[in-house]
Structures are given as structure tokens and as C-alpha cells.
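Numbering (the working numbering), first residue to last: 330 to 460.
See below:
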């Protein structure tokens with residue numbers, strides 16, 4: 330689990346995507362109380378090994394509570410109240426590519442998952458709470 334710094338930024342290590350059938354957890358991000366409810370941006374960087382073929386966003390209503398999926402794959406292609414902007418086809422980002430998703434409100438905890446297209450690859454996420 331990665332915690333957001335006092336300045337509102339975060340960056341995870343690179344996580345290997347080695348499953349084309351199931352979503353692999355990239356990381357879970359804990360949001361400090363004072364930064365919850367604010368808009369935030371997540372940038373994902375896909376490694377050179379291959380593309381991703383799936384992306385899932387989950388969040389918990391309370392820190393360290395059960396997570397519920399709120400968006401998956403093609404859901405990111407339509408702006409909603411939850412995420413007013415996302416890179417088109419973010420869930421199909423090519424090798425060495427990036428995707429960006431802007432979310433309307435930071436929950437106590439959220440997680441991103443991905444699955445590989447064919448070859449193993451890595452995904453790293455970074456972002457910031459808009460203060």
C-alpha cells in the first residue's frame with residue numbers, strides 16, 4: 330500500500346502484469362483525511378514488455394475496508410461524475426505508453442488493477458491530489 334504525501338503526491342513502484350485472464354493489483358493508495366474529497370489525477374506508465382488489455386478502479390468507503398469496483402475497461406471511455414476525463418482507451422495502453430485519468434473526489438482508499446495483453450509488462454502509477 331502506498332500513502333499519499335503531505336503535498337498530495339504519490340508514486341508506486343513498477344508492478345509486473347503477468348496474467349491476461351485476471352486483473353493484477355498495481356497498488357492500493359491510502360488518502361490522508363485532510364485530502365479526501367478533492368479531485369485527483371492518476372498517470373499510469375506501461376513498460377516496454379507489452380501492452381495492457383484491461384484496467385479496473387476500486388475504492389473503499391473507509392480506510393482498510395472492502396473495495397468495490399467502480400470502473401473497468403471501456404467504462405473509462407465515457408466521462409462521468411466519478412472521472413470527468415480519461416485518456417481514450419486507457420485500458421488498452423500500448424507498451425511504453427501512458428494513460429491519464431482525472432477523478433472528481435478522492436476516497437479514503439483506492440486501487441488500480443491491470444491485466445496484460447499478451448507479453449508480460451509492468452505498470453507504474455503516480456499522481457496527485459489537486460490542492
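Just so it is clear, CB atoms sit at the ideal spot from N, CA and C, and this is done for glycine as well. Just so it is clear, the structure is predicted and the values come from calculations on it, not from any experiment.
Item, Value
"For my contact list, residue 461 and residue 398 are in at a C-beta cut-off of 8 Å; report their separation, rounded to the angstrom.", "One cannot answer for residue 461 here, as it falls past the ends of the chain, which runs 330 to 460."
"Please specify which runs of the beta strand (DSSP E), each continuous and at least 3 residues long, are wholly inside the stretch 384-439, giving them in chain order.", "397-401 and 427-432"
"Using the beta-carbon count (16 or more within 10 Å), is residue 438 buried or exposed?", "buried"
"Would residue 405 and residue 430 qualify as a contact pair, given that the criterion is a beta-carbon distance under 8 Å?", "yes"
"Quick check on residue 333: does DSSP put it in helix, strand or coil?", "coil"
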